[in-house]
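Read the structure below first, then the notes.
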Amino acid sequence: MKEKRLEIIVGVFVIVGIFFLVLMTLKIERFRIGKKAGYPLTIYFDSAAGLDQNSPVRVAGVRVGDVEKIMLEGGRAKVIFRLPPEIILYKDAKAYLKSEGFLGERYVEITPGSPDHPKLKPGDIIEQGAPPADIEQFLSNVSKIREDLRDVIKPLGDVLKAVDSQKVENVIKNFDRFSGELTSLAKDSRETIQKAKDAFAHFQDIGEKVNKGEGTLGKLVKDEKVYEDVKKTVGVLKDVSEKINRGEGTLGKLIKDDTVYEEAKKVVESAKEALENVKVTAKTLKDVSDKIEQGEGTLGKLIKDESLYQEAKETVKTARDALETVKGITEKIDRGEGTLGKLVNDDKLMKETEKTLKKVQKAAEGIQEQTPITVLGTLIGLFF
125 MKEKRLEIIV
135 GVFVIVGIFF
145 LVLMTLKIER
155 FRIGKKAGYP
165 LTIYFDSAAG
175 LDQNSPVRVA
185 GVRVGDVEKI
195 MLEGGRAKVI
205 FRLPPEIILY
215 KDAKAYLKSE
225 GFLGERYVEI
235 TPGSPDHPKL
245 KPGDIIEQGA
255 PPADIEQFLS
265 NVSKIREDLR
275 DVIKPLGDVL
285 KAVDSQKVEN
295 VIKNFDRFSG
305 ELTSLAKDSR
315 ETIQKAKDAF
325 AHFQDIGEKV
335 NKGEGTLGKL
345 VKDEKVYEDV
355 KKTVGVLKDV
365 SEKINRGEGT
375 LGKLIKDDTV
385 YEEAKKVVES
395 AKEALENVKV
405 TAKTLKDVSD
415 KIEQGEGTLG
425 KLIKDESLYQ
435 EAKETVKTAR
445 DALETVKGIT
455 EKIDRGEGTL
465 GKLVNDDKLM
475 KETEKTLKKV
485 QKAAEGIQEQ
495 TPITVLGTLI
505 GLFF
């Protein structure tokens with residue numbers, strides 16, 4: 125009884141051990157239940173060197189599946205793999221063959237594409253991206269370059285042996301000077317690049333300010349009111365141009381109406397004639413000014429002749445003296461001095477003058493009345 129019980133316990137432990145062994149195997153081999161779930165896709169590579177069945181397939185750097193089959197078809201490597209249903213790729217997706225490190229495991233890298241394109245369906249083909257660099261081809265190229273360098277260096281060594289050491293030294297000095305110039309040029313290039321970077325940074329700051337709506341340009345770009353004002357201005361300009369095209373308004377008539385054009389032409393011709401007259405007048409004035417400058421004519425003599433200036437100066441002085449005399453006389457009259465002063469300022473003399481004038485007026489009236497009688501008597505005396 126005890127032996128049977130022990131056999132049962134051992135059997136249970138063996139079964140449990142086998143179960144855990146199977147689980148560990150599945151985990152290590154990256155198998156899981158439902159592995160075949162998903163949809164298959166195909167890639168054609170020019171070369172699938174280093175890629176094996178179960179090699180990783182990644183989308184945007186994340187592992188999403190493994191390579192199921194690799195076969196040759198039409199001189200190209202046909203690679204089939206599956207993607208989980210939740211992973212969506214588009215028609216412009218690209219497939220690349222890459223390596224983890226320089227000599228690491230090869231895997232398939234896929235870019236998912238743009239949602240603007242249709243989705244890939246089961247069995248669709250993903251286009252190959254830029255072909256990867258082949259390490260064997262790279263090493264082969266390095267070997268060829270090494271052989272070419274050897275072929276170049278060997279004749280160069282023979283030439284250097286035959287060349288004078290002084291010449292070699294001069295060549296080395298020239299090379300040093302040339303390398304110094306290259307260093308200076310590189311320094312200048314770095315400074316230029318730095319200035320270019322600073323300029324780009326400045327433009328980036330300007331772009332950020334414009335994007336924020338700062339400054340005049342930013343307001344023009346961001347301010348809806350400015351946009352509406354510009355829109356209205358454009359509309360007004362459009363209306364004006366349409367009116368002009370229809371011949372409306374002053375400018376429209378100027379452009380469309382031939383009579384207005386003819387009148388404008390006449391105005392321009394009149395303006396030209398007036399301009400010619402102005403030119404003639406200007407020439408005449410220039411001739412007159414030249415004559416004046418040369419002392420010709422009355423005005424020229426007045427300006428250039430010193431004797432006339434002196435005479436004019438003396439005349440002005442005489443006039444000033446006469447004015448002073450007149451001023452003295454008027455002051456005396458104002459003070460009542462002299463006969464005229466008394467006539468102006470003495471009221472008594474004024475009254476007597478008025479009486480005298482009245483007597484003279486009466487005497488004149490009497491003479492006027494007696495004149496006809498006197499004349500008549502004279503005529504009678506002549507006849508008798």
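Residue numbers for the sequence shown follow the working numbering, so the first one is 125 and each next one is one higher. Ideal Cβ placement from N, Cα and C applies to all residues, glycine included.
Q | Limits of the beta strand (DSSP E) - the one that Lys222 falls within | A | Under the DSSP assignment, Lys222 falls in the beta strand (DSSP E) whose first and last residues are Lys218 to Ser223.
Q) Beta carbon of Tyr168, beta carbon of Arg206: below 8 angstroms? A) Against a cut-off of 8 angstroms, the Cβ pair of Arg206 and Tyr168 comes out as no contact.
Q) Is the CB-CB distance between Ile204 and Lys215 below 8 angstroms? A) no
Q. What residues are listed by DSSP as bridge partners for Gln177?
A. In DSSP, Gln177 forms no bridge with anything.
Q.
For Val183, tell me which candidate among Lys218, Glu229 and Ala173 has the shortest Cα-Cα distance.
A. Closest option to Val183, Cα to Cα, is Lys218.
(Q) By alpha-carbon positions, which one of Leu213, Thr405 and Glu233 ends up nearest to Pro242? (A) The option with the nearest alpha carbon to Pro242 is Leu213.
Q. Which residues share a DSSP beta bridge with Lys456?
A. Residue pairing from DSSP leaves Lys456 without any beta-bridge partner.
**Q.** Length of the line joining the Cα atoms of Lys407 and Glu417
**A.** 15 angstroms
**Q.** According to DSSP, residues forming a beta bridge with Ile194
**A.** Val203
**Q.** Nearest to Gly253 (by Cα), restricted to the options Leu221, Phe144, Ser431 and Gly174
**A.** Nearest option by C-alpha distance: Leu221.
Q: Compute the Euclidean distance between the alpha carbons of Gly322 and Leu196, then round it to the nearest angstrom.
A: Contrary to the premise, residue 322 reads as Asp rather than Gly in this sequence. Spanning the two alpha carbons is a distance of roughly 54 angstroms.
Q) Is Glu420 helix, strand or coil when you go by DSSP? A) Residue state, collapsed to three classes: coil.
Q: Assuming Asn178 and Val191 form a contact by the criterion Cβ under 8 angstroms, report the distance between their Cβ atoms to the nearest whole angstrom.
A: 6 angstroms
Q) Does DSSP put Arg156 in a helix, in a strand, or in coil? A) For Arg156, the pLDDT reaches just 46, beneath the cut-off of 50, and the residue's location in the model is therefore unreliable, leaving the point undetermined.
Q. Can you tell me whether DSSP reads Glu233 as helix, strand or coil?
A. Glu233 falls in the strand class under three-state DSSP.
Q: Out of Ala173, Leu399 and Ser238, state which residue places its alpha-carbon closest to the alpha-carbon of Lys202.
A: Ala173
Q) Are the C-beta of Ile211 and some C-beta of chain C separated by less than 8 angstroms? A) Chain labels in this structure do not include chain C; a single protein chain is all it has.
Q: Would you mind reading off the limits of the beta strand (DSSP E) that contains Pro164?
A: Tyr163 to Phe169
Q) Any idea what DSSP makes of Glu372, helix, strand or coil? A) Three-state DSSP puts Glu372 in coil, outside helix and strand.
Q: Tell me, to the nearest whole angstrom, how far the beta carbon of Tyr163 is from that of Pro209; I am working on the premise that it is less than 8 angstroms.
A: 7 angstroms
**Q.** Close-in-space but distant-in-sequence residues of the same chain around Asp170 (CB under 8 angstroms, 5 per side omitted)
**A.** Arg200, Ala201, Gln252 and Pro255
Q.
Using DSSP's beta-bridge definition, name the partner residues of Val186.
A. Val183
(Q) Can you tell me which residues form a DSSP beta bridge with Gln252? (A) Ala219
Q) Within 10 angstroms of its Cβ, does Leu409 collect 16 or more other Cβ (buried), or is it exposed? A) Burial state of Leu409 is exposed, judged by a 10 Å Cβ sphere holding fewer than 16 other Cβ atoms.
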